[in-house]
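Student:
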Amino acid sequence: MSLKSGKRKQPVVNAGSRVPGDKSAHSREAQRKYKVGILGATGLVGQHLVRLLADHPWFQLTEVAASERSSNKTYAEAVRWHLDVPIPASARELVVKSLDPALDCDFVFSALDSSVAGSAEEAFARAGYPVVSNAKNHRMDPDVPLLIPEVNAAHLAAIPVQQKNRGYDRGFIVTNPNCSTAGLVVALRPLADAFGLEKIFAVTLQALSGAGYPGVASLDCNANVIPFISGEEEKMESEPLKLLGDWDGSRFADAALRLSAHCNRVPVVDGHTECVSLSLKKAASLGAVREALRSFEVSEELASLPSALRRPILVLDEEDRPQPRRDVLAGGGMAVVVGRVRPCPLLGVKFTLLSHNLVRGAAGAALLNAELLAARGLLRR
Numbered sequence: 001m002s003l004k005s006g007k008r009k010q011p012v013v014n015a016g017s018r019v020p021g022d023k024s025a026h027s028r029e030a031q032r033k034y035k036v037g038i039l040g041a042t043g044l045v046g047q048h049l050v051r052l053l054a055d056h057p058w059f060q061l062t063e064v065a066a067s068e069r070s071s072n073k074t075y076a077e078a079v080r081w082h083l084d085v086p087i088p089a090s091a092r093e094l095v096v097k098s099l100d101p102a103l104d105c106d107f108v109f110s111a112l113d114s115s116v117a118g119s120a121e122e123a124f125a126r127a128g129y130p131v132v133s134n135a136k137n138h139r140m141d142p143d144v145p146l147l148i149p150e151v152n153a154a155h156l157a158a159i160p161v162q163q164k165n166r167g168y169d170r171g172f173i174v175t176n177p178n179c180s181t182a183g184l185v186v187a188l189r190p191l192a193d194a195f196g197l198e199k200i201f202a203v204t205l206q207a208l209s210g211a212g213y214p215g216v217a218s219l220d221c222n223a224n225v226i227p228f229i230s231g232e233e234e235k236m237e238s239e240p241l242k243l244l245g246d247w248d249g250s251r252f253a254d255a256a257l258r259l260s261a262h263c264n265r266v267p268v269v270d271g272h273t274e275c276v277s278l279s280l281k282k283a284a285s286l287g288a289v290r291e292a293l294r295s296f297e298v299s300e301e302l303a304s305l306p307s308a309l310r311r312p313i314l315v316l317d318e319e320d321r322p323q324p325r326r327d328v329l330a331g332g333g334m335a336v337v338v339g340r341v342r343p344c345p346l347l348g349v350k351f352t353l354l355s356h357n358l359v360r361g362a363a364g365a366a367l368l369n370a371e372l373l374a375a376r377g378l379l380r381r
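Residue numbers (my numbering): 1 to 381.
1. Assign N134 to one of two classes, buried (16 or more other C-beta atoms within 10 Å of its C-beta) or exposed (fewer than that).
2. Buried or exposed: which applies to K23, given that a residue is buried once 16 or more other Cβ atoms fall within 10 Å of its Cβ?
3. Report yes if the CB atom of H262 is closer than 7 Å to the CB atom of V203, and no otherwise.
4. Beta-carbon of N176 versus every beta-carbon of chain C: anything under 7 Å?
5. Taking only three categories from DSSP, how would you classify L329?
6. Between the beta-carbon of E150 and the beta-carbon of P312, is there less than 7 Å?
7. Helix, strand or coil: how does DSSP classify K242 here?
8. Based on the DSSP output, what are the partners of I226 in its beta bridges?
9. Cα-Cα, which of A153, G118, G167, F124 is closest to L368?
10. Within 10 angstroms of its Cβ, does Y383 collect 16 or more other Cβ (buried), or is it exposed?
11. Tell me the DSSP secondary structure of F107 in three-state form.
12. According to the Cβ coordinates, are N176 and A365 closer than 7 Å?
13. Would the stretch 332 to 345 count as touching the stretch 313 to 322 if we require 3 or more Cβ pairs under 8 Å?
14. Would you check if the distance between the CB atom of V108 and the CB atom of P145 is smaller than 7 Å?
15. Taking only runs that begin and end inside the stretch 159 to 226, name each unbroken beta strand (DSSP E) of 3 or more residues, in chain order.
16. Please classify R80 as buried or exposed, where buried requires at least 16 other C-beta atoms within 10 Å of its C-beta.
17. Here's the rule: buried if 16 or more other CB atoms are within 10 angstroms of the residue's CB, otherwise exposed. What is L372?
18. Helix, strand or coil for Y129 per DSSP?
19. Please name the residue, chosen from P343, A223, A66, D193, that lies closest to G46 on a Cα-to-Cα basis.
20. Is the beta carbon of D193 sitting closer than 7 Å to the one on Q162?
21. For L379, which residues from the same chain have a beta carbon less than 8 Å from its beta carbon, with the 5 sequence-adjacent residues on both sides left out?
22. For D270, count neighbouring Cβ atoms within 10 angstroms of its own Cβ and tell me buried if that reaches 16, exposed if not.
23. Check whether the Cβ atoms of F351 and A284 lie closer than 7 Å to each other.
24. Does the stretch 206 to 222 come close enough to the stretch 270 to 282 that 3 or more CB-CB pairs lie under 8 Å?
25. For C179 and G348, which I take to be in contact (beta-carbon distance under 8 Å), what is that distance rounded to the nearest angstrom?
26. Go ahead and pull the three-state DSSP assignment for K33.
27. For a quick check, are the C-beta atoms of S355 and G183 less than 7 Å apart?
28. Looking only at its chain, what residues have a beta carbon closer than 6 Å to the beta carbon of R321, apart from the 5 residues adjacent to it on each side?
29. Given a threshold of 16 other Cβ atoms within 10 Å of its Cβ, counted over all protein chains shown, does A363 qualify as buried or as exposed?
30. Return the CA-CA distance between L302 and L309, expressed in angstroms with no decimal places.
31. What residue range is occupied by the uninterrupted alpha helix (DSSP H) comprising H356?
32. Am I right that V276 and L191 are in contact with their C-beta atoms under 8 Å? What's the rounded C-beta distance?
33. Pop quiz: V36 and Q60 are said to be a contact at Cβ under 8 Å. What is the actual Cβ separation, rounded to whole angstroms?
34. Could you spell out the range, first to last residue, of the beta strand (DSSP E) harbouring P343?
35. Give the range of the alpha helix (DSSP H) segment to which R314 is assigned.
36. Span of the beta strand (DSSP E) holding S90?
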């Protein structure tokens, strides 16, 4: 089974309709596309960003950057391409640059490994580039938005404070969460709004592609489950508190809830499955829980973004769904698919969810973040 690109024929489920007459800041600006650079463009997340940017209505890929061993090669020469579609023609002949903040672009995506991302992202932000990061390094910084637009778009108000704290002029850093956190928190948002949350217990079954390439050795992952992913449980237990918390004008205040996670690597190519039990502050029937998930709808501003779904949660009624092979590309990979909503004898409610770890949890998440920044006029260098 090959790595899925997200381009195979599949109905876009739960995508909602686009909003006519978009009045965003982006629409009022000149129609030229934003010029985009990708740091870490040869990695798996970087490749998905290259694919997603190929026909984007707002963004044009103009720069690719990676490690020194890839520098001065064309992208086609430097990359070991893993997706099911060919390298986009617009990217093939781009010359790979080093991680020097002198790229010809309006902003950069960072798909860098955490071993180099921290200092590189700071250097680009200091040089005036908005940095939209998928890396873990700055997610929990007290002045950096950890962003899921459908969950906490208001956290972008932290950007001016970050710029003042760090002496940045026009640059800044915005991050998206860990791939296993992303799907979980999208599903938690409507439940937190409708009923309040107290305790969450989650067990993840995480796809091999989440480990990058070459990732997990075949003798370890074949017909096996690995009950440990370094740092993953810690991220799942801390990131949702920031995402579901508040920005008070000077600092982030964590949500008052407790979360315990068990994270496992399983022999699935794409798609993180999570078994979730939770207790609600306000008593609710299973029907009310299903309806809160099913009816969750984003604002008109978010619905107008090119990568957004008006209803980002798809609720399935079949007792054996969701399944990665059948459901991972729902909504173009941006939907969170929820099934098996049922009573939990310990905490009250439990369900199973699935999200595409490389789209909803990585490249697509960063792209949606950039679209929101563009719509609010925050990407001009």
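Yeah, the Cβ is synthetic: ideal placement off N, Cα and C, and Gly gets one too.
As the structure is a computational prediction, the values presented were derived from the model and not from experiment.
Tutor: The short version:
1. N134 is buried by the Cβ-count criterion.
2. Because the pLDDT at K23 is just 42, under 50, the model does not fix this residue reliably, and the value given afterwards should be weighed accordingly. Taking every protein chain shown into account, the CB of K23 has fewer than 16 other CB atoms within 10 angstroms, so this residue is exposed.
3. A contact, by the Cβ cut-off of 7 Å.
4. In the structure shown, chain C does not exist; there is a single protein chain.
5. Coil, per DSSP.
6. Going by C-beta atoms, E150 is nearer than 7 Å to P312.
7. DSSP places K242 in helix when its eight states are reduced to three.
8. In DSSP, I226 forms a bridge with R265.
9. Of A153, G118, G167, F124, the residue nearest in Cα terms is A153.
10. Only positions 1 to 381 of the chain appear in the structure, and residue 383 is not among them; the question remains open.
11. F107: strand per DSSP, three-state reduction.
12. The answer is yes: Cβ separation under 7 Å.
13. Taking 8 Å as the limit for Cβ pairs, the verdict is that the stretch 313 to 322 does touch the stretch 332 to 345.
14. Not closer than 7 Å, so no.
15. Those beta strand (DSSP E) runs which fall completely within the stretch 159 to 226 and span 3+ residues are 172 to 175, 197 to 206.
16. That one is exposed.
17. L372 is classed as buried because its beta carbon has at least 16 other beta carbons within 10 Å across all chains shown.
18. The three-state secondary structure of Y129, taken from DSSP, is coil.
19. Checked all of P343, A223, A66, D193; the closest Cα to G46 is A66.
20. Cβ distance not < 7 Å, so D193 and Q162 don't count as in contact.
21. Excluding positions up to five away in sequence, the list reads Y34, D106, F107, P130, A370, L373.
22. So D270 ends up on the buried side.
23. No, these two residues do not count as a Cβ contact at 7 Å.
24. The stretch 270 to 282, when compared against the stretch 206 to 222, does touch it at the 8 Å Cβ threshold.
25. The pair is not a contact, with the Cβ atoms about 27 Å apart (cut-off 8 Å).
26. K33 falls in the coil class under three-state DSSP.
27. Less than 7 Å divides the Cβ of S355 from the Cβ of G183.
28. Cβ neighbours of R321 beyond the five flanking positions: G339.
29. So A363 ends up on the buried side.
30. When rounded, the distance between both Cα atoms is 8 Å.
31. Run containing H356: none; DSSP gives neither H nor E here.
32. Incorrect: roughly 10 Å between the Cβ atoms, too far for contact.
33. Between Q60 and V36 the Cβ distance is about 6 Å, and since that is below 8 Å, they are a contact.
34. Boundaries of the beta strand (DSSP E) harbouring P343: 336 to 344, taken from the DSSP string.
35. Per the sequence shown, residue 314 should be read as Leu rather than Arg. Note, L314: premise wrong, no alpha helix (DSSP H); beta strand (DSSP E) at 313 to 315.
36. Where S90 is concerned, there is no enclosing beta strand (DSSP E), although the alpha helix (DSSP H) it sits in stretches over 89 to 92.
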